[in-house]
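Visitor: Please see the structure below; I have some questions.
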Amino acid sequence: MSYRTRKIINRIMLTISVITFLIGSFFLFWILGDVFLKGIRYINFSLFVELPKPPGVLGGGVANAIVGTLILTIVASLIGVPIGMMIAIAITEYHLGKLAWWSKFLTEVLTSFPTLIIGVFVYTIIVIPMKTFSALAGSIALSIIMLPVIAKSTEESLKMVPISVREAAYALGVPKWKTILRVVIPSASSGIVTGIMIAVARVMGETAPLLFTSFNNVYWSFSLTKPIGSLTVTIFNYATSPYDDWRNKAFASALVLAAIILILNIIARIYASKKGKH
Amino acid sequence: MSKNIGDKIFKGLAIFASLLLILLVISLFLSLVIYSIPSIKKFGFKFLIDKIWDPVADKYGALPAIYGTLVTSFLALLIAFPISIGIAIFISELAPIFLKRLFSFIIELLGAIPSLIYGMWGLFVLAPLVQLKIGPFIQKILGFLPFFQGYPMGVGYLTAGIILSIMIIPTISSLSREILMAVPIDQREAGYALGMTKWEVISKVVLGNARSGIFAAGILGLGRALGEAVAVTMVIGNFHDISISLFSPGVTITSVIINQFAEATGELKLSALMELALILFLTTFLIMGFARYYILKRIVKE
Amino acid sequence: MDKIRVENLNAWFGFMHVLKNINLSFKEKYISAIIGPSGCGKTTLLRCFNRLHELSPGARVEGKIFLDDLNIYEKDVDPVIVRRRIGMVFQRPNLFSNMTIYDNVIAGYILNNKRLSKAEKDEIVEGSLRLAGIWEEVKNRLREYPSSLSGGQQQRVCIARALAVQPEVLLMDEPTSALDPISTYRIEETIRELKKEVTIIIVTHNMQQAARVSDETVFMYLGEVIEIGPTAEIFTNPKKKLTEEYITGKFG
Chain A
9 MSYRTRKIIN RIMLTISVIT FLIGSFFLFW ILGDVFLKGI RYINFSLFVE
59 LPKPPGVLGG GVANAIVGTL ILTIVASLIG VPIGMMIAIA ITEYHLGKLA
109 WWSKFLTEVL TSFPTLIIGV FVYTIIVIPM KTFSALAGSI ALSIIMLPVI
159 AKSTEESLKM VPISVREAAY ALGVPKWKTI LRVVIPSASS GIVTGIMIAV
209 ARVMGETAPL LFTSFNNVYW SFSLTKPIGS LTVTIFNYAT SPYDDWRNKA
259 FASALVLAAI ILILNIIARI YASKKGKH
Chain B
15 MSKNIGDKIF KGLAIFASLL LILLVISLFL SLVIYSIPSI KKFGFKFLID
65 KIWDPVADKY GALPAIYGTL VTSFLALLIA FPISIGIAIF ISELAPIFLK
115 RLFSFIIELL GAIPSLIYGM WGLFVLAPLV QLKIGPFIQK ILGFLPFFQG
165 YPMGVGYLTA GIILSIMIIP TISSLSREIL MAVPIDQREA GYALGMTKWE
215 VISKVVLGNA RSGIFAAGIL GLGRALGEAV AVTMVIGNFH DISISLFSPG
265 VTITSVIINQ FAEATGELKL SALMELALIL FLTTFLIMGF ARYYILKRIV
315 KE
Chain C
222 MDKIRVENLN AWFGFMHVLK NINLSFKEKY ISAIIGPSGC GKTTLLRCFN
272 RLHELSPGAR VEGKIFLDDL NIYEKDVDPV IVRRRIGMVF QRPNLFSNMT
322 IYDNVIAGYI LNNKRLSKAE KDEIVEGSLR LAGIWEEVKN RLREYPSSLS
372 GGQQQRVCIA RALAVQPEVL LMDEPTSALD PISTYRIEET IRELKKEVTI
422 IIVTHNMQQA ARVSDETVFM YLGEVIEIGP TAEIFTNPKK KLTEEYITGK
472 FG
């Protein structure tokens, strides 16, 4: 092959590589732009403060679903964050051999596991025994989805803390558990907080695991033992409905959801880049 | 003074959390198995090769769902894999250093979009496009192939495959990027020193070094596509049959579960759905386990 | 009087036998230096004195070390309590980056939930920083984070942090190896001052440093103690051939 053809091939292939990136970013802007343009027209005050109206009746909002998503996410975080962090602590701070290997392996596998199956599982262990869909079941499903994300990001952040910092605390006569809680975790806090924000953003957008756990509720509900509405399930029902008014509300709500998730991701990224500021 | 009781409690909690994780996966598996038993007993192996899904006659077969899942996922991989590798190469080899993080972030954001929003875009933007533009266009050029027969309805295997491909691009490309960036600089320099062009260095030296890792990244992307639920459900068409034409509507394992689970009143129907979930669990667990184990082992070696 | 006495001490890293049957003692309010080539086990020995060695994966210790009359390897002795009596300064400054300079100095109290009044805290911080010879430099910057200090200043705050809990013994693991000559000189000055307060055991790579600061010197080689004696004697008139070869620079 002559040098000229080699150079031409070089040009072509590198151009293709640039194009693939443009394709990827094009879809990002197309999808987000579509939600934005279709949603922004139907965003209004009542969306945030009113309950849904039956089909055919115009107006109403998704206020209960917004609150429902907040409740589900908060309860899920209360369960998922501490357990996920403890798994990471077990992996990095204690030499547990096989157990550590298995929990690391399972976190890796669960990180991209179908969330639908987790919903089905929670249905069998919570919904069937309780004989009702419930906010609790939804929260537990979301907390299981959070677990591996939290565990992985915490593990990576804890590993960044030098051993010498732990030893400095030990040498002062600080017990290991206090060293972990008061020295290691604070030193790793920016990475851990970033991970939590990404995990929260991820579960806020989950639909499949909620369909058979928290189900749906078109009224206000603040009880953990009753079905609860959520933004995602509401959007799913509205978007697949034949009513124009509902579809429009689906886009408006999707815009709200996408905005929250994007903002969380961007804040998380900015926060992470401030790592090791002190 | 006795030895620190706090240390023992804290270590106990850490071990407990790890055991809880393991217990979770085991009970996940067991509960799917237990609920699948009626269906396994009734249909046996035939469940996997039967096309009929008839709640009225209480007869269930998983073949269309398995077929749909495989077709859409492999189609997604076919589209997403080359694009993802291209993106990985662009970010790791071509992009200026100060823009690398921004570019990676853009692609990662694609992965942060909820699958529900992909589904809406698929239903309201992509499906009409496939029906009116992409479908007829493909038919004009490749209409003689059995894969492109019949009238494009918009929803169907092709639309689901395209949506899935966009959704797994971030998974494959960010992993591949990490793997490419881990190839040592001196390997590249050795290539340049031999008079190779940039593309030759990338294709022969860098990709050669990263081959197995990129393969694992592809497998992981496939695993994600297999388990994707809401977006696929919205665009697959929900038609219980098998068709070789990609324009046809169909079902996937996840779409069947989503559409039928809430109204699964009979024990046998619920059990059949559980068996579908079990099949998905086993497939994705094996695939993810394989890919993750593969990657984990590589990292440990380094 | 002996402050620390080591009896038949052996230590391992996995299958590597890194300390072989060590027997020696260190006198109270003395500065003792441990010297020897890299990998001779001097740092491991130092880390046995506050039971830090056993925290590394695969590490193991056998034998006895007496702090006054207490065998710190006795079964019911809590290593945490031992470490409150024996302070340590490490090779590289390792201040807690998420705490201010002020909080770093009293970290031993904060992290152990010991309540102190504001006046007590101020007194401890000032006293410890004075002892470490860095009060004048940081007295107006106590609320800043340690990253604003130079490496030498950080290391002296580390010394202050170790001194703040009033340890009986201070272990120093090559405390100046990461520092420039001027910082090294000032820390050596501090060490000589500290002799009035505390028993010091310092591991060093640098023989001149051992000669400059210590009263007694231990020479180790391949996990064994070859010679121990008054510093002046070790450096001018060593008894063992190996010691002589090392201090004259034939190896190491």
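Residue numbers (our numbering), protein chains in the order written: chain A, 9 to 286; chain B, 15 to 316; chain C, 222 to 473. Don't be surprised by glycine CBs; every beta carbon is placed ideally from N, CA and C.
State the DSSP-derived secondary structure class of V70 (chain B), mapped to helix, strand or coil.
Guide: Of the three classes helix, strand and coil, the one that applies to V70 (chain B) here is coil, per DSSP.
Visitor: Between the alpha carbons of F112 (chain B) and I97 (chain A), how many angstroms are there, rounded?
Guide: F112 (chain B) and I97 (chain A): Cα-Cα distance of roughly 34 Å.
Visitor: Which whole runs of the alpha helix (DSSP H) in the stretch 145–208 of chain A are 4 residues long or more, in chain order?
Guide: The stretch 145–208 of chain A contains these whole alpha helix (DSSP H) runs: 171–179, 184–187.
Visitor: Since W233 (chain C) sits in a beta bridge, which residues does DSSP pair it with?
Guide: Answer is C:H238, C:R281, bridged to W233 (chain C).
Visitor: Would you tell me roughly how many angstroms separate the C-alpha atoms of I145 (chain B) and W135 (chain B), rounded to the nearest one?
Guide: The amino acid occupying residue 145 (chain B) in the given sequence is Gln; Ile does not appear at that position. Their Cα atoms are separated by approximately 14 Å.
Visitor: Assuming L180 (chain A) and L332 (chain C) form a contact by the criterion Cβ under 8 Å, report the distance between their Cβ atoms to the nearest whole angstrom.
Guide: That belief holds up - the Cβ atoms of L180 (chain A) and L332 (chain C) are roughly 7 Å apart, short of 8 Å.
Visitor: Which same chain residues end up closer than 8 Å to H286 (chain A) when comparing Cβ atoms and leaving out the 5 residues on each side of it in sequence?
Guide: Because the pLDDT at H286 (chain A) is just 43, under 50, the model does not fix this residue reliably, and the value given afterwards should be weighed accordingly. Cβ within range, chain order: n/a, list empty.
Visitor: On a CA-only basis, which of A:I136, A:V75, A:R190, A:E163 is nearest I91 (chain A)? Give me that one, please.
Guide: Selected option, being the one with the closest Cα: A:E163.
Visitor: I believe F295 (chain B) touches I233 (chain B) by the beta-carbon criterion, under 8 Å. Please report the beta-carbon distance rounded to the nearest angstrom.
Guide: About 17 Å separates the two Cβ atoms, so there is no contact after all.
Visitor: Measure the CB-CB distance between V39 (chain B) and L144 (chain A) and report whether it falls below 8 Å.
Guide: Cβ atoms of V39 (chain B) and L144 (chain A): not closer than 8 Å.
Visitor: Report buried or exposed for S10 (chain A), applying the criterion of at least 16 other Cβ atoms within 10 angstroms of its Cβ.
Guide: Its Cβ having fewer than 16 others within 10 Å, S10 (chain A) is exposed.
Visitor: With a threshold of 7 Å (Cβ to nearest heavy atom), would V434 (chain C) be considered close to the ligand NAD?
Guide: Among the components modelled here there is no ligand, and therefore nothing to report on the ligand NAD.
Visitor: Can you give, in chain order, each stretch of the alpha helix (DSSP H) that sits fully within the stretch 181–265 of chain B and has at least 4 residues?
Guide: List check, alpha helix (DSSP H) in window: 199–207, 221–241, 244–249.
Visitor: Going by C-alpha distance, which of A:L272, A:I188, A:N256, A:N273 is nearest V70 (chain A)?
Guide: Nearest of A:L272, A:I188, A:N256, A:N273 to V70 (chain A), Cα basis: A:N256.
Visitor: Out of B:F299, B:E203, B:A196, B:F229, which has the shortest C-alpha to C-alpha gap to G241 (chain B)?
Guide: The residue with the shortest Cα to Cα distance from G241 (chain B) is B:F299.
Visitor: Is it the case that the Cβ atoms of S161 (chain A) and T202 (chain A) are separated by a distance below 8 Å?
Guide: Yes, these two residues count as a Cβ contact at 8 Å.
Visitor: At a CB-CB cut-off below 9 Å, which residues of chain C make contact with Y178 (chain A)?
Guide: Under the 9 Å cutoff, chain C gives N271, R272, L273, L276, P300, V301, R304, M309.
Visitor: Tell me whether the stretch 13–24 of chain A and the stretch 164–171 of chain B touch, counting them as touching only if at least three CB pairs, one residue from each stretch, are closer than 8 Å.
Guide: Touching, no.
Visitor: How many whole angstroms separate the CB atoms of S262 (chain B) and G164 (chain B), which I take to be in contact at a CB cut-off of 8 Å?
Guide: Rounded, the Cβ-Cβ distance is 6 Å, consistent with contact.
Visitor: Considering only C-alpha positions, which residue in the set C:L273, C:V301, C:S259 is nearest to D6 (chain B)?
Guide: Residue numbering for chain B in the displayed model covers 15 to 316; residue 6 (chain B) lies beyond these limits and cannot be assessed.
Visitor: The stretch 101–118 of chain A: which residues have C-beta closer than 8 Å to a C-beta of chain B, in chain order?
Guide: The stretch 101–118 of chain A vs chain B, Cβ under 8 Å: E101, Y102, L104, L107, A108, W110, S111, K112, F113, L114, T115, E116, V117, L118.
Visitor: So, do the stretch 250–260 of chain C and the stretch 428–447 of chain C have three or more beta carbon pairs nearer to each other than 8 Å?
Guide: Counting Cβ pairs under 8 Å, three or more are found: they touch.
Visitor: Between F317 (chain C) and chain A, is the shortest Cβ-Cβ distance under 8 Å, so that the two count as touching?
Guide: Yes, F317 (chain C) lies at the interface with chain A (some Cβ there is under 8 Å from its Cβ).
Visitor: Determine the direct distance from the alpha carbon of E116 (chain A) to that of P156 (chain A), and round the result to whole angstroms.
Guide: Spanning the two alpha carbons is a distance of roughly 7 Å.
Visitor: Please classify I447 (chain C): does DSSP put it in a helix, a strand, or coil?
Guide: Strand, per DSSP.
Visitor: Apart from the five residues on each side of it in sequence, which residues of its chain come closer than 6 Å, Cβ to Cβ, to L363 (chain C)?
Guide: Excluding positions up to five away in sequence, the list reads I322, Y323.
Visitor: Which of the three DSSP states, helix, strand or coil, is assigned to K224 (chain C)?
Guide: Reduced to three states, the DSSP call for K224 (chain C) is strand.
Visitor: In three-state terms, what does DSSP make of M309 (chain C)?
Guide: Here M309 (chain C) sits in strand by DSSP.
Visitor: If E410 (chain C) and G354 (chain C) are in contact, beta carbons under 8 Å, what's the gap, nearest whole angstrom?
Guide: Their Cβ separation, rounded to whole angstroms, is 7 Å, which keeps E410 (chain C) and G354 (chain C) in contact under 8 Å.
Visitor: Within 8 Å (strictly less), CB to CB, does W185 (chain A) reach chain B?
Guide: Closer than 8 Å: yes.
Visitor: When DSSP builds the beta bridges, which residues end up paired with I243 (chain C)?
Guide: Answer is C:L230.
Visitor: With DSSP as the reference, please indicate the residues paired to M441 (chain C) in a beta bridge.
Guide: DSSP, once it has assigned bridges, lists C:V446 as partnering M441 (chain C).
Visitor: What is the rounded straight-line gap between the Cα of I148 (chain A) and the Cα of T221 (chain A)?
Guide: Rounded to the nearest angstrom, the two C-alpha atoms are 9 Å apart.
Visitor: I think A267 (chain A) touches A258 (chain A), with their Cβ atoms under 8 Å apart; what is that distance to the nearest whole Å?
Guide: With 8 Å as the limit, A267 (chain A) and A258 (chain A) do not qualify as a contact, their Cβ atoms being about 15 Å apart.
Visitor: Tell me whether F287 (chain C) sits in a helix, a strand or coil according to DSSP, three-state version.
Guide: Strand.
Visitor: Going along chain A, which residues have a C-beta under 8 Å from T458 (chain C)?
Guide: A small correction: the amino acid at residue 458 (chain C) is Asn; Thr does not occupy that position in the sequence shown. Simply none; closest approach about 36 Å.
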